[in-house]
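Residue numbers (this note's numbering): 4 to 163.
In structure tokens, the structure reads:
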């Protein structure tokens with residue numbers, strides 16, 4: 004999501020990007036469905052009946068609300084760098100988002116890696132050959148952008 008915003012706000016500074024388990028617009032429906040179906044009723048009891056747990060989950064929900072406000076759906080066509088879109092083949096959260104990014108960003112390519120949302124960890128050899136070299140080139144720009152936002156006192160919502 005950060006790379007998308009960078010490519011939109013500073014197109015001259017981004018000549019390539021890797022989008023890893025990313026989305027144009029987050030949707031928590033698959034995540035909640037997964038949690039409830041897999042762990043119900045144990046999950047609901049743990050989340051909502053214990054005060055300490057509820058406080059923690061309330062904090063997570065507040066940060067998630069900020070992330071959910073991110074939406075580049077209508078702006079994807081304005082990204083001119085192309086992208087390598089990597090996603091976990093078993094990721095119920097971002098696999099459909101990969102197709103949306105592929106369709107929306109001209110010149111992009113997609114590749115499903117074995118595993119779920121953390122496919123870069125579960126498929127490290129594949130990721131290190133394909134995604135890591137490009138991400139290392141980009142990482143310096145992301146740090147510079149984050150630092151400039153923090154120094155200006157305008158921390159962006161998509162850094163949560």
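All C-beta atoms in this analysis are idealised placements derived from N, C-alpha and C, irrespective of residue type, glycine included.
Open item on the list: If you measure between the beta carbons of residue 93 and residue 118, is that distance less than 8 angstroms?
Closed with: Here the question's residue 93 lines up with position 90 in the chain shown. Here the question's residue 118 lines up with position 115 in the chain shown. Their beta carbons are under 8 angstroms apart, which means residue 93 touches residue 118 by this criterion.
Open item on the list: Taking a contact to mean a Cβ-Cβ separation below 8 angstroms, would you say residue 87 touches residue 107 in this structure?
Closed with: As a first step, residue 87 must be located in the chain shown, where it is residue number 84. As a first step, residue 107 must be located in the chain shown, where it is residue number 104. The answer is no: Cβ separation not under 8 angstroms.
Task: Classification of residue 185 by the beta-carbon crowding that lies within 10 angstroms, buried from 16 upward - done: The first residue shown for the chain is 4 and the last is 163, placing residue 185 beyond what the model contains.
Task: residue 65, buried or exposed, once every other Cβ within 10 Å from all chains shown has been counted against 16 - done: Taking the chain shown and counting its residues from 1, the one referred to as residue 65 is at position 62. The residue is exposed, with fewer than 16 neighbouring Cβ atoms inside 10 Å.
- [ ] Rank 28, 99 and 128 by C-alpha distance to the C-alpha of residue 68 and give the top, closest one.
- [x] Your numbering for residue 68 matches position 65 in the chain shown. Ranking 28, 99 and 128 by Cα distance to residue 68 puts 28 first.
Open item on the list: On the criterion of 16 or more Cβ atoms from any shown chain inside 10 Å, does residue 76 qualify as buried, or is it exposed?
Closed with: Numbered from its first residue, the chain shown carries residue 76 at position 73. Classification of residue 76: exposed, given that the 10 Å Cβ count is below 16.
- [ ] Pull up the distance between the alpha-carbon of residue 91 and that of residue 116, whole angstroms please.
- [x] Residue numbering aside, residue 91 sits at position 88 when the chain shown is read from its first letter. Residue numbering aside, residue 116 sits at position 113 when the chain shown is read from its first letter. Approximately 5 angstroms, taken between the alpha carbons.
Open item on the list: I need the boundaries of the alpha helix (DSSP H) containing residue 17, first residue and last residue.
Closed with: Counting from 1 along the chain shown, the entry for residue 17 is found at position 14. It is not in any alpha helix (DSSP H) - residue 17 carries neither H nor E in the DSSP assignment.
Open item on the list: Quick check on residue 121: does DSSP put it in helix, strand or coil?
Closed with: For this step, residue 121 is matched to residue 118 along the chain shown. Residue state, collapsed to three classes: coil.
Task: Buried or exposed by the 16-neighbour rule on C-beta atoms within 10 Å, applied to residue 104 - done: Numbered from its first residue, the chain shown carries residue 104 at position 101. Buried, by the Cβ-count rule.
TODO: Hey, could you find the ends of the beta strand (DSSP E) residue 91 is sitting in?
DONE: The residue given as residue 91 occupies position 88 in the chain shown. Residues 87–91.
Task: Beta-bridge partners of residue 113, as assigned by DSSP - done: For this step, residue 113 is matched to residue 110 along the chain shown. DSSP lists 88 as partners of residue 113.
TODO: State the start and end residues of the unbroken alpha helix (DSSP H) segment that holds residue 77.
DONE: By 1-based counting over the chain shown, the position of residue 77 is 74. Where residue 77 is concerned, there is no enclosing alpha helix (DSSP H), given that its DSSP letter is neither H nor E.
Open item on the list: Taking only three categories from DSSP, how would you classify residue 6?
Closed with: Translated into the one-based positions of the chain shown, residue 6 becomes position 3. Assignment of residue 6 by DSSP, reduced to helix, strand and coil, places it in the helix class.
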